Amino acid sequence: MTHDPDILCIGSVLWDVIGRAPVHMRQGSDVPGRITRLPGGVAMNIAMTLARFGLRPGLLTAIGQDPAGHELITACRELGMVTDYVYRSQDLPTDQYMAVEGANGLIAAIADAHSLEAAGDKILHPLVSGILGSASDPYEGFIALDGNLTQRLLENIAQSPLFARADLRVAPASPGKATRLMPFLTHDRAVLYVNLEEAGLLCQTTFETSADAASGLLARGARRALVTDGGESASDASADGVITQKPPSVLVTRVTGAGDTFMAAHIAAEVSGSDRNTSLSRALHAAATYVSGGNAQ
């Protein structure tokens, strides 16, 4: 049965395999720790946080018809997501992400999102067919979009009439994919969520603070930009000015997914009608709770 979603999450939904150790690590380290396998991916991480805030996210992604895919679909439904619109490929395996984290943060990661990239614009079919929208009657509402899609597909989305009425919230999957978001830098309906490094890559420079980075993105044509800088600060820049806040100090136990949690909590706050200062504060507290090992809500 189809349920109308409150927000669409477009991008990677996969299995996260994360190895975490409670000690500092470096290249070649071999230490005891814990290995977990959980639903992940940028779109999935955003959707999970949105669901914890009481919203009903719909997923537009590619998931295989293999056992891992069937298991992932079941997990998504149990977590409160609408999976009716997911592209289920017969010949593409379910994607996965593998990372190693130490007490000093992320050590290394490999994202295998080849199936999502191979599926291409097939994942957007519900926005074309009239199920969720069409070129003549585009989808209206919030869309969280992640940079795991191919450069070509992101460029097409930036120009497509299918997104002409949407409130687009856009984030890179990683610094290595930040420049894929160039088409949204001057988009008149996009809000960018990036970290300090990603902002520098988009602006082809280096920034010292989140406020400088957010202002720099606006100077390059962004309508609005939110920039995080770990435990230092986060800034929200728009035509109404720049606001900056410092996140709560917490003991960091995990980092993978923190930026996605920040973005989702910020969207949820704005959906509920919170102002910019309150929304930024709620997002920072949710991200701090997440990295300290709790569930943001």
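Straight run, no breaks: the sequence shown in full-length UniProt numbering ends on number 297.
A virtual CB, placed ideally from N, CA and C, is assigned to each residue, including glycine.
Model, not experiment: these values are computed from the prediction.
How about residue i and residue j: are their beta carbons less than 9 Å apart?
i      : j      : result
Ala158 : Met263 : no
Asn148 : Gly41  : yes
Pro39  : Leu72  : yes
Leu217 : Pro247 : no
Ser89  : Gln65  : yes
Val31  : Ala62  : no
Val17  : Ala103 : no
Phe53  : Ala265 : yes
Met44  : Cys76  : yes
Can you find the residues in the same chain that come closer than 6 Å, C-beta to C-beta, to residue i, ignoring five residues on each side of it along the sequence?
i      : result
Met81  : Ala47, Pro57 and Leu59
Val100 : Gly19, Ile107 and Ala108
Glu117 : Thr150
Glu198 : Pro172, Pro175 and Ala178
Asp167 : Phe142
Ala222 : Leu185 and Leu192
Tyr139 : Leu127, Leu132, Gly133 and Ala166
Ile110 : Met98
Met25  : Gly102 and Ile107
In angstroms with no decimal places, state the Cα-to-Cα distance between residue i and residue j.
i           : j      : result
Thr209      : Leu55  : 32 Å
Thr205      : His70  : 44 Å
Pro175      : Tyr193 : 12 Å
Gly241      : Ala214 : 10 Å
Gly133      : Leu201 : 33 Å
Ile7        : Gly33  : 36 Å
Thr261      : Arg224 : 19 Å
Ser292      : Asp137 : 43 Å
Val227      : Gln27  : 29 Å
Glu155      : Arg169 : 15 Å
Met1        : Asp188 : Confidence is the limiting factor: at Met1 the pLDDT is only 39, short of 50, which leaves the residue's position unreliable and the question unanswerable from this model.
Glu232      : Ile123 : 37 Å
Thr36       : Tyr290 : 16 Å
residue 300 : Ala239 : The chain is shown only over 1 to 297; residue 300 falls outside these bounds and no answer can be derived.
Ser249      : Ala288 : 8 Å
Asp84       : Pro126 : 10 Å
Ser160      : Gly259 : 27 Å
Asp212      : Arg180 : 21 Å
Glu78       : Ala164 : 32 Å
Phe207      : Gly230 : 14 Å
Val252      : Gly294 : 11 Å
Ala135      : Ala113 : 28 Å
Cys9        : Ser115 : 17 Å
Pro67       : Ser279 : 39 Å
Asp4        : Gln96  : 28 Å
Pull up the CB-CB distance for residue i and residue j, whole angstroms please, since I reckon it's below 8 Å.
i      : j      : result
Val128 : Leu162 : 6 Å
Thr94  : Leu14  : 7 Å
Gly50  : Ala268 : Correcting the residue type first, residue 50 is Leu in the shown sequence and not Gly. Right, their Cβ atoms sit about 6 Å apart.
Gly257 : Asp146 : That belief does not hold up - the Cβ atoms of Gly257 and Asp146 are roughly 12 Å apart, past 8 Å.
Please list, in chain order, all residues of the same chain as residue i whose beta carbon is under 7 Å from its beta carbon, the five residues on each side excluded.
i      : result
Gly105 : Val255
Leu153 : Gly120 and Asp121
Arg276 : Asp236 and Ile243
Pro183 : Leu154, Glu155 and Ala158
Which residues in the same chain have their Cβ closer than 8 Å to the Cβ of residue i, if we skip the five residues on either side of it in sequence?
i      : result
Ser281 : Gln245
Val271 : Asp6, Ile7, Leu55 and Phe142
Gly130 : Asp137
Ser274 : Arg282
Arg220 : Leu185, Thr186, Leu202 and Cys203
Bridge partners for residue i per DSSP, in chain order?
i      : result
Val82  : Gly58
Pro39  : Trp15
Ala237 : Ala225 and Val242
Arg34  : Arg20
Glu101 : Arg20 and Leu106
Ile7   : Pro57 and Phe142
Arg88  : Ile63
Asp167 : Phe142
Val194 : Val227
Gln96  : Trp15 and Asp112
Any heavy atom of the ligand MG within a distance shorter than 8 Å of the CB on residue i?
i     : result
Leu55 : This structure lacks the ligand MG, and indeed carries no ligand of any kind.
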